[in-house]
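Student: Note that the working numbering gives residue 34 to position 36 of the sequence shown, counting from 1, and the numbers run on in steps of one. Positions of the beta carbon are idealized from the N, C-alpha and C atoms, including for glycine. Here you go, one structure.
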Amino acid sequence: MLRVSDVVKAYNGKVAVDHVSFDVKPGETFGLLGPNGAGKTTLIRMIMDIMRPDSGRIEVNGAGVDAATQDILGYLPEERGLYQKQKVFDVLVFLAEIKGLPRHVARARAERYLDRVGLLETRNRHMRELSKGMQQKLQIAAVLQHEPSLVILDEPFIGLDPVNRGVVLDLLAETTKRGAAIILSTHLMEQVEMLCQRALMLHKGRTMLYGTVQEIRERHADQSVRVECDRDLASHPDVARTENGRLFLRDGVAPEAFLASLLKDGAAIRRFERALPTLNDVFVKVARE
């Protein structure tokens, strides 16, 4: 659905995106991560053809990005923008029409997506009368209502309570189920772990991490395991120390070998797993390094 190939972008001699390459597949939710100033927004603006790369190539559905690709893209920027003096329904219809939908289709889609986010009763109210959480849901509805093939969401969960976050999560699941791809840019690492199959982390414009979320976590795992069994393992000769329910193995002791030794000793094991770091732990570690 999206292919970014060796893209470079600089401002006044300072490189913001430095030879970045990745792809996003149909039906996939892809995490775009990085600390502030990492180059995420610049990269998104180039995908949206708001600005052009200095070198490299970006393709959506096999074609270079230009005005013709805009109708199959949906973009929720971090800086929100709804017409505050206009009525909710009129704004959604207008935004659907500028994406190429005929008026009768735009009206039907606006009504359906208003209902889908639980805001159909607000259709004749002015935008400025609504709470920030309501406006956030409306913006997400506006992005999805023309049913784009590629959706880019920058911090979509800001301002949403748990109930409304669930509504949005359901909408995103429906979006990927119909084959669309989603790029999720957020600082909420738990959402990335839950939603994304693969992720890219930028730092100072360069690629720091790229792969499946599971691969990234495994790549940064240490020699620790979580074990539930019928004995106290804190004093086991293969265990260097314990911390927060994790057993840190001595240098040279592989988790598989430790498990084999426990089974050989007759331990009744209820649970044994590598204690993988969370994506948040990996993010903090890589950013600091």
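#1: May I ask which residues mark the beginning and end of the alpha helix (DSSP H) holding residue 226?
#2: Please state if the CB of residue 22 and the CB of residue 179 are separated by a distance shorter than 8 Å.
#3: Can you tell me the Cβ-Cβ gap for residue 45 and residue 150, rounded? I've got them flagged as a contact below 8 Å.
#4: Please report the straight-line C-alpha distance between residue 3 and residue 56, rounded to a whole angstrom.
#5: Drop a sphere of 10 angstroms on the beta-carbon of residue 173, count the other beta-carbons inside from all chains shown, and report buried for 16 or more, exposed for fewer.
#6: What residue range does the alpha helix (DSSP H) around residue 210 cover?
#7: Quick one: Cα of residue 92 to Cα of residue 131, how far?
#8: With distances taken from CA atoms, which of 24, 40 and 246 is nearest residue 204?
#9: If you draw a straight line from the C-alpha of residue 25 to the C-alpha of residue 54, how long is it?
#10: Terminal residues of the continuous alpha helix (DSSP H) containing residue 259?
#11: According to the neighbour-count rule (16 or more other Cβ atoms, all chains shown, within 10 Å of its Cβ), is residue 235 buried or exposed?
#12: How about residue -1 and residue 147: do their beta carbons lie closer than 8 Å?
#13: Mind the definition here: the stretch 225 to 235 touches the stretch 268 to 275 only if three or more C-beta pairs lie below 8 Å; say whether that holds.
#14: Considering only C-alpha positions, which residue in the set 257, 199, 242 and 282 is nearest to residue 16?
#15: What is the DSSP secondary structure of residue 179, reduced to helix, strand or coil?
#16: Would you list, in sequence order, the uninterrupted alpha helix (DSSP H) runs of no fewer than 4 residues that lie entirely inside the stretch 148 to 179?
#17: Report the partner residues of residue 1 according to the DSSP bridge assignment.
#18: At a cut-off of 7 Å, is residue 275 close to the ligand MG when judged by its beta-carbon and the heavy atoms of the ligand?
#19: Can you find the residues in the same chain that come closer than 7 Å, C-beta to C-beta, to residue 202, ignoring five residues on each side of it along the sequence?
#20: Considering only residues of the same chain and omitting the five flanking positions on each side of residue 123, which have a CB-CB separation below 8 Å?
#21: Which term fits residue 83, buried or exposed, when burial requires 16 or more other beta carbons within 10 angstroms of its beta carbon?
#22: By the 10 Å Cβ neighbour count, where 16 or more other Cβ atoms means buried, how is residue 32 classified, buried or exposed?
#23: Roughly how many angstroms separate the alpha carbons of residue 170 and residue 77, rounded to a whole number?
#24: Give a yes or no on whether the C-beta atoms belonging to residue 245 and residue 237 are separated by under 8 Å.
#25: Which same chain residues, not among the five before or five after residue 42, have their C-beta less than 7 Å away from its C-beta?
#26: What are the residues that DSSP puts in a beta bridge with residue 15?
#27: Quick check: what's the CA-CA separation for residue 217 versus residue 287?
#28: Compare the beta carbon distance of residue 154 and residue 219 with 8 Å and say whether it is the shorter of the two.
Tutor: According to the structure data:
#1: Premise fails: residue 226 lies in the beta strand (DSSP E), 222 to 227, not in any alpha helix (DSSP H).
#2: Result yes, Cβ atoms of residue 179 and residue 22 sit closer than 8 Å.
#3: 7 Å
#4: 6 Å
#5: buried
#6: No alpha helix (DSSP H) holds residue 210; the beta strand (DSSP E) holding it covers 204 to 210.
#7: 21 Å
#8: 40
#9: 25 Å
#10: For residue 259, the enclosing alpha helix (DSSP H) covers residues 253 to 262.
#11: By the Cβ neighbour-count rule, residue 235 is exposed, with fewer than 16 other Cβ atoms within 10 Å of its own.
#12: yes
#13: yes
#14: For residue 16, the closest C-alpha among the options 257, 199, 242 and 282 is that of 199.
#15: strand
#16: The qualifying runs are 160 to 175.
#17: 21 and 57
#18: You won't find the ligand MG in this model; it holds no ligand whatsoever.
#19: Around residue 202: 36.
#20: Only 85 and 86 meet the Cβ criterion.
#21: exposed
#22: buried
#23: 20 Å
#24: yes
#25: 150, 152 and 183
#26: Residue 15 is bridged by DSSP to 7.
#27: 15 Å
#28: Not in contact: residue 154 and residue 219 (Cβ atoms no closer than 8 Å).
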